[in-house]
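Everything on this sheet refers to the single structure shown next.
Residue numbers (the working numbering): 180 to 289.
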């Protein structure tokens, strides 16, 4: 049995969570939008093996819905966001808060 390391991507809509997940997985595992409109409407995950010192360790990257989603009420966003836990039954090893390069926005205070 492998110990799967679980990383959850968190951030506001349009800051690049899905693109970051694709970079980590080295594949187009997550759909990416071309603008500031949210592409990710539900949590998604990708499993991959990361090479480390001649061996490969299993990882799971979980892409969450963007906080401050452009099309949904805030309560609906929070309800959908919390569903990432279903994809991490053995626990979470890290949360990665993704922020677009530049200045902090008021949404980052949430």
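For every residue, glycine included, the Cβ atom is placed at its ideal position computed from N, Cα and C.
Where residue 268 falls: helix, strand or coil (DSSP): DSSP places residue 268 in coil when its eight states are reduced to three.
Straight-line Cα distance separating residue 209 from residue 252: Distance between the alpha carbons of residue 252 and residue 209 is about 23 Å.
Short CB-CB distance (under 8 Å) between residue 232 and chain B: The structure shown contains no chain B; it is built from a single protein chain.
Residue ranges of each alpha helix (DSSP H) within the segment 233 to 262, 4 or longer: As far as the segment 233 to 262 is concerned, its whole alpha helix (DSSP H) runs of at least 4 residues are 253 to 260.
Neighbourhood of residue 223 by C-beta distance below 7 Å, restricted to the same chain and skipping five residues each side: Excluding sequence neighbours, residue 223 sits near 209, 242.
Continuous beta strand (DSSP E) stretch holding residue 182: start and end: Segment: none, residue 182 is in no beta strand (DSSP E) and carries neither H nor E.
Spatially closest choice to residue 290 from 211, 205, 221, by CA coordinates: Past the boundaries of the shown model lies residue 290; the chain is included only from 180 to 289, so the question cannot be answered.
Nearest-angstrom Cα separation, counted from residue 279 out to residue 232: About 31 Å.
Residues of its chain near residue 235, where Cβ-Cβ distance is below 6 Å and the 5 sequence neighbours each way are ignored: Contacts found: 228.
Beta bridge counterpart(s) of residue 229 as assigned by DSSP: Answer is 236, bridged to residue 229.
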